[in-house]
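Enquirer:
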Amino acid sequence: MEESGDVYDVYNINSPTSWEEHQHQKRDDHVDVDCLRRKIKFFFMNPCEKYHARGRKPWKLVLQFVKIVIVTTQLVSFGLSNQMVVTFKEENLLTFKHLFLKDFSDGDMDTYAVYRQADVYEHVRYIITQFGLLHNNTVGNHEYDKNGSAYTPLSLCHEFYRNGSIYSGTETIDIDAEVDTECLNIYPMSPLTQHDALQDFKLHFKRMLSVKVTFVLKAINVQTVQYREMPDCYDFTVLITFDNQVHSGRIKIDLDTDVSINECDNLKLSGVSPRKSYLTVVFDCLIIITCMSSVALCTRSVCKGIRLMLEYVHHSNKHCDREVPWSDKLEFVSGWYIMIIISDTLTIIGSILKIEIQTKVLTSYDVCSIFLGMGTMFVWIGVIRYMGYFRKYNILIVTLRTAFPNVIRFVCCAGIIYLSYLLCGWIVLGPYHEKFRSLDTGSECLFSLINGDDMFPTFKNMKQKSRLILTTPSSNSSRVEPRHQSCRSSCRSVQTCQSLESTD
Numbered sequence: 001m002e003e004s005g006d007v008y009d010v011y012n013i014n015s016p017t018s019w020e021e022h023q024h025q026k027r028d029d030h031v032d033v034d035c036l037r038r039k040i041k042f043f044f045m046n047p048c049e050k051y052h053a054r055g056r057k058p059w060k061l062v063l064q065f066v067k068i069v070i071v072t073t074q075l076v077s078f079g080l081s082n083q084m085v086v087t088f089k090e091e092n093l094l095t096f097k098h099l100f101l102k103d104f105s106d107g108d109m110d111t112y113a114v115y116r117q118a119d120v121y122e123h124v125r126y127i128i129t130q131f132g133l134l135h136n137n138t139v140g141n142h143e144y145d146k147n148g149s150a151y152t153p154l155s156l157c158h159e160f161y162r163n164g165s166i167y168s169g170t171e172t173i174d175i176d177a178e179v180d181t182e183c184l185n186i187y188p189m190s191p192l193t194q195h196d197a198l199q200d201f202k203l204h205f206k207r208m209l210s211v212k213v214t215f216v217l218k219a220i221n222v223q224t225v226q227y228r229e230m231p232d233c234y235d236f237t238v239l240i241t242f243d244n245q246v247h248s249g250r251i252k253i254d255l256d257t258d259v260s261i262n263e264c265d266n267l268k269l270s271g272v273s274p275r276k277s278y279l280t281v282v283f284d285c286l287i288i289i290t291c292m293s294s295v296a297l298c299t300r301s302v303c304k305g306i307r308l309m310l311e312y313v314h315h316s317n318k319h320c321d322r323e324v325p326w327s328d329k330l331e332f333v334s335g336w337y338i339m340i341i342i343s344d345t346l347t348i349i350g351s352i353l354k355i356e357i358q359t360k361v362l363t364s365y366d367v368c369s370i371f372l373g374m375g376t377m378f379v380w381i382g383v384i385r386y387m388g389y390f391r392k393y394n395i396l397i398v399t400l401r402t403a404f405p406n407v408i409r410f411v412c413c414a415g416i417i418y419l420s421y422l423l424c425g426w427i428v429l430g431p432y433h434e435k436f437r438s439l440d441t442g443s444e445c446l447f448s449l450i451n452g453d454d455m456f457p458t459f460k461n462m463k464q465k466s467r468l469i470l471t472t473p474s475s476n477s478s479r480v481e482p483r484h485q486s487c488r489s490s491c492r493s494v495q496t497c498q499s500l501e502s503t504d
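In terms of UniProt numbering, the sequence shown has 205 at position 205, counting the first letter as 1, and numbering is strictly consecutive.
Put into structure tokens, the structure is as follows:
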């Protein structure tokens with residue numbers, strides 16, 4: 001009896017303590033649930049609601065609007081400079097065609113060819129003659145290139161099969177597939193006449209693959225002076241090709257140029273100061289700093305969302321014994337912030353390239369335009385996020401977001417049909433029509449038919465070396481943050497939706 005009394009006394013002593021611990025644990029759980037609910041609610045608020053709730057200033061919102069202004073200004077400035085560069089390149093290319101191609105007229109480059117042996121020699125002599133008479137013929141500021149004190153020569157190269165004999169009448173052919181190259185250098189301003197230069201230069205027409213004439217000319221883009229900018233010096237490597245690889249009796253002639261842009265060595269300009277170039281570099285550095293700040297703020301917000309998601313997942317697993325679906329987890333990761341990070345990264349890379357172009361370290365205008373253009377495009381697409389704060393615009397955005405998976409499925413099916421038509425058109429119609437002559441031209445033609453407009457001439461007129469085809473992503477690729485829906489999915493397990501909606 002004494003032992004049982006002792007047990008009874010122990011039970012009476014410990015029982016109130018266990019009950020108090022249980023009540024205390026219950027209160028702690030309730031506090032944790034309430035704290036988590038408030039965190040989730042605050043996380044899905046827009047910047048204005050966060051400011052009214054806690055007085056938190058919307059620094060990211062202000063920074064994004066500032067970034068839109070300065071990035072757009074940078075893009076417009078670079079676009080105008082790039083336009084002058086491209087115009088200067090294209091007009092020089094056309095000038096070289098008129099100077100060095102005999103009887104050339106605009107628009108007949110596709111049909112420009114020779115058919116007789118005498119015509120080949122005559123065109124080669126014409127090129128060499130025009131090269132020697134450059135100062136007397138050109139109306140521009142073109143000059144010969146110099147390597148030290150000596151002029152860079154014109155190079156005339158003949159590519160042909162090493163050995164071989166072809167007799168079509170007896171259907172006999174014996175050819176060594178190895179290719180030999182014979183070159184002849186002709187210096188400008190030299191007493192050597194073109195007859196002396198070409199008298200030992202013989203072409204083996206039955207074995208000939210190509211004849212290439214290469215020379216370098218220099219020019220200065222003076223048009224930038226009227227915009228108070230420092231002019232650039234250009235090196236044009238001109239390549240004229242007589243293409244006989246088909247051996248059909250028609251030798252096609254083509255002229256192309258490779259351009260390098262350099263900083264002029266001796267500049268003496270009155271009224272033009274390099275100050276504008278320095279200010280442009282400073283402005284680009286300001287954009288880089290702004291974008292880096294934006295990346296830091298958005299990265300911090302993404303990390304906060306991930307931590308809150310992990311906290312919510314831990315709470316659901318511990319107290320509700322349920323697995324949180326990925327759709328609910330992704331609600332905590334803002335696609336808009338990820339898009340802004342990508343946009344800022346592209347803008348930073350483009351700004352660095354622009355600074356290097358401004359200081360004449362690089363001349364890759366096309367690559368820089370890709371980064372700056374895509375970065376600015378994503379910046380402006382990000383404006384859609386702030387339009388979603390208005391009820392009527394948010395309805396449209398949510399509709400697009402809901403329809404996006406079905407659109408992707410349709411595009412996949414349509415792409416398979418498109419590819420089948422492309423392959424069929426290329427193999428069946430390609431040999432007989434130029435619009436299906438290759439896979440890329442066939443794709444351009446079918447794309448034009450889908451649009452209901454003949455866009456093929458537009459694609460055809462684009463330069464092959466700098467063809468830039470940018471596909472604008474759908475605005476649905478970035479997510480909209482429906483606050484109430486996210487709060488419901490986040491609070492469903494903790495049974496606080498009713499109190500949350502009443503506070504909203």
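All C-beta atoms, glycine included, are put in the ideal place defined by N, C-alpha and C.
Just verifying my parser: in three-state terms, what is the DSSP assignment at residue 185?
Expert: Residue 185 sits at position 185 when you count from the first residue of the sequence shown. In the structure shown, residue 185 sits in a strand (DSSP, three-state: E or B).
Enquirer: On a Cα-Cα basis, can you pick out the residue from 121, 331, 340 that is closest to residue 290?
Expert: By one-based count along the sequence shown, residue 290 stands at place 290. Out of 121, 331, 340, 340 has the C-alpha closest to the C-alpha of residue 290.
Enquirer: In terms of residue numbering, what span does the beta strand (DSSP E) encompassing residue 152 cover?
Expert: Counting from 1 along the sequence shown, the entry for residue 152 is found at position 152. Here residue 152 belongs to no beta strand (DSSP E), and DSSP marks it neither H nor E.
Enquirer: Only counting runs of 4 or more residues, tell me where the alpha helix (DSSP H) segments fall wholly within the UniProt domain "Polycystin cation channel PKD1/PKD2" (361 to 461), in order along the chain.
Expert: As far as the UniProt domain "Polycystin cation channel PKD1/PKD2" (361 to 461) is concerned, its whole alpha helix (DSSP H) runs of at least 4 residues are 365 to 381, 383 to 387, 391 to 429, 439 to 451, 456 to 461.
Enquirer: Can you find the residues in the same chain that come closer than 7 Å, C-beta to C-beta, to residue 93, ignoring five residues on each side of it along the sequence?
Expert: Counted from its first residue, the sequence shown places residue 93 at position 93. Closer than 7 Å at Cβ, skipping near neighbours: 257.
Enquirer: Within the same chain, show all residues whose beta-carbon is closer than 7 Å to that of residue 418, passing over the 5 residues directly before and after it, in chain order.
Expert: Residue mapping note: residue 418 aligns to position 418 of the sequence shown, counting from 1. If we look at residue 418 and ignore the five residues flanking it on each side, its Cβ neighbours are 446.
Enquirer: Is it the case that the Cβ atoms of residue 243 and residue 109 are separated by a distance below 9 Å?
Expert: As a position in the sequence shown, residue 243 is number 243, starting the count at 1. As a position in the sequence shown, residue 109 is number 109, starting the count at 1. For residue 243 and residue 109, no; Cβs fall outside 9 Å.
Enquirer: Counting pairs of Cβ atoms below 8 Å between the stretch 52 to 70 and the stretch 351 to 363, do you hit three or more?
Expert: Contact between the stretch 52 to 70 and the stretch 351 to 363 is absent, because fewer than three Cβ pairs lie under 8 Å.
Enquirer: Under the rule that 16 or more other beta-carbon atoms within 10 Å means buried, what is residue 211, buried or exposed?
Expert: Against the sequence shown, residue 211 aligns to sequence position 211. Classification for residue 211: buried.
Enquirer: Helix, strand or coil: how does DSSP classify residue 44 here?
Expert: Position 44 of the sequence shown, counting from 1, holds the residue named residue 44. It is coil, neither helix nor strand.
Enquirer: To the nearest angstrom, how far is it from the Cα of residue 143 to the Cα of residue 288?
Expert: For this step, residue 143 is matched to residue 143 along the sequence shown. For this step, residue 288 is matched to residue 288 along the sequence shown. Answer to the nearest angstrom: the Cα atoms are 39 Å apart.
Enquirer: Which one or two residues does DSSP pair with residue 241 in a beta bridge?
Expert: Counting from 1 along the sequence shown, the entry for residue 241 is found at position 241. Paired residues: 212, 254.
Enquirer: Buried or exposed for residue 321, going by 16 or more other Cβ atoms inside 10 Å?
Expert: As a working note, residue 321 is residue 321 in the sequence shown. Residue 321 should be labelled exposed.
Enquirer: Going by CA-CA distance only, name the one from 153, 169, 250, 128 that's closest to residue 216.
Expert: Position 216 of the sequence shown, counted from the first residue, corresponds to residue 216. Minimum Cα distance to residue 216 is reached at 153.
Enquirer: For the alpha helix (DSSP H) containing residue 174, list its first residue and its last residue.
Expert: One-based indexing of the sequence shown puts residue 174 at position 174. No alpha helix (DSSP H) contains residue 174, which is instead part of the beta strand (DSSP E) from 172 to 175.
Enquirer: Thinking C-alpha only, which one of 269, 209, 283 is nearest residue 226?
Expert: Residue 226 sits at position 226 when you count from the first residue of the sequence shown. Here the closest residue by C-alpha is 269.
Enquirer: Applying the criterion that 16 or more other CB atoms from any shown protein chain within 10 Å of the CB defines a buried residue, is residue 71 buried or exposed?
Expert: As a first step, residue 71 is located in the sequence shown; it is residue number 71 there, counting from the start. Residue 71 should be labelled buried.
Enquirer: Judging by CA-CA distance, which residue of 138, 163, 282 is the nearest neighbour of residue 98?
Expert: The sequence position of residue 98 within the sequence shown is 98, counting from 1. Comparing Cα-Cα distances from residue 98 to each of 138, 163, 282, the minimum goes to 138.
Enquirer: Label residue 374 either buried or exposed according to how many other C-beta atoms from any shown protein chain fall within 10 Å of its C-beta, with 16 as the threshold for buried.
Expert: Taking the first residue of the sequence shown as position 1, residue 374 is located at position 374. That one is buried.
Enquirer: Sorted by chain position, which residues of the same chain lie with C-beta nearer than 6 Å to residue 4's C-beta, five sequence neighbours on each side aside?
Expert: Numbered from its first residue, the sequence shown carries residue 4 at position 4. Low local confidence applies: a pLDDT of 46 at residue 4 is under 50, so the model's placement there is unreliable, with the coordinate-based value given in what follows. No residues qualify anywhere along the chain.
Enquirer: In whole angstroms, what is the alpha-carbon distance linking residue 241 and residue 408?
Expert: Residue mapping note: residue 241 aligns to position 241 of the sequence shown, counting from 1. Residue mapping note: residue 408 aligns to position 408 of the sequence shown, counting from 1. Cα-Cα distance, rounded: 46 Å.
Enquirer: Cutting at 6 Å between CB atoms, please list the residues of its own chain near residue 264, excluding the five before and the five after it.
Expert: Counted from its first residue, the sequence shown places residue 264 at position 264. Contacts found: 233.
Enquirer: Under three-state DSSP, which class holds residue 122?
Expert: In the sequence shown, the residue the question calls residue 122 occupies position 122. Helix.
Enquirer: State the DSSP-derived secondary structure class of residue 94, mapped to helix, strand or coil.
Expert: Against the sequence shown, residue 94 aligns to sequence position 94. Here residue 94 sits in helix by DSSP.
Enquirer: Determine, using beta-carbon pairs with one atom in the stretch 107 to 121 and one in the stretch 174 to 187, whether at least three such pairs fall under 8 Å.
Expert: No, the stretch 107 to 121 is not in contact with the stretch 174 to 187.
Enquirer: Identify, in the order they occur along the chain, each residue of the same chain with its Cβ nearer than 7 Å to the Cβ of residue 250, setting aside the five sequence neighbours on each side.
Expert: As a first step, residue 250 is located in the sequence shown; it is residue number 250 there, counting from the start. Counting only Cβ-Cβ distances below 7 Å, and skipping sequence neighbours, we find 113, 115.
Enquirer: From residue 347 to residue 260, what does the alpha carbon distance come to, in whole angstroms?
Expert: Against the sequence shown, residue 347 aligns to sequence position 347. Against the sequence shown, residue 260 aligns to sequence position 260. For residue 347 and residue 260, the distance between alpha carbons rounds to 24 Å.
Enquirer: So, with DSSP's three-state summary, where would you put residue 161?
Expert: Stepping through the sequence shown from its first residue, residue 161 is reached at position 161. Residue state, collapsed to three classes: strand.
Enquirer: May I ask you to list the residues that DSSP assigns as paired with residue 115?
Expert: Here the question's residue 115 lines up with position 115 in the sequence shown. DSSP output for residue 115 lists no bridge partner at all.
Enquirer: Classify residue 207: buried if its beta carbon has 16 or more other beta carbons within 10 angstroms, exposed otherwise.
Expert: Taking the first residue of the sequence shown as 1, we reach residue 207 at position 207. Looking at its Cβ environment, which holds 16 or more other Cβ atoms inside 10 Å, residue 207 is buried.
Enquirer: When you compare only the Cα positions, how much space is there between residue 179 and residue 161?
Expert: Within the sequence shown, numbered from 1, the residue matching residue 179 stands at position 179. Within the sequence shown, numbered from 1, the residue matching residue 161 stands at position 161. Rounded to the nearest angstrom, the two C-alpha atoms are 5 Å apart.
Enquirer: For residue 306 and residue 80, what's the separation of their Cα atoms in angstroms?
Expert: The count along the sequence shown starts at 1 and reaches residue 306 at position 306. The count along the sequence shown starts at 1 and reaches residue 80 at position 80. Approximately 42 Å between the Cα atoms of the pair.
Enquirer: Are the beta-carbon atoms of residue 63 and residue 294 separated by less than 9 Å?
Expert: Along the sequence shown, one-based indexing puts residue 63 at 63. Along the sequence shown, one-based indexing puts residue 294 at 294. For residue 63 and residue 294, yes; Cβs fall inside 9 Å.
Enquirer: Label residue 309 either buried or exposed according to how many other C-beta atoms from any shown protein chain fall within 10 Å of its C-beta, with 16 as the threshold for buried.
Expert: Your numbering for residue 309 matches position 309 in the sequence shown. With 16 or more other Cβ atoms within 10 Å, it is buried.
Enquirer: Strictly by DSSP, which residues pair up with residue 262?
Expert: On the sequence shown, position 262 is the one that residue 262 refers to. In DSSP, residue 262 forms a bridge with 233.
Enquirer: How many angstroms separate the CA atom of residue 276 from the CA atom of residue 358?
Expert: Within the sequence shown, residue 276 is the residue found at index 276, counting from 1. Within the sequence shown, residue 358 is the residue found at index 358, counting from 1. The straight-line gap from Cα to Cα measures roughly 11 Å.
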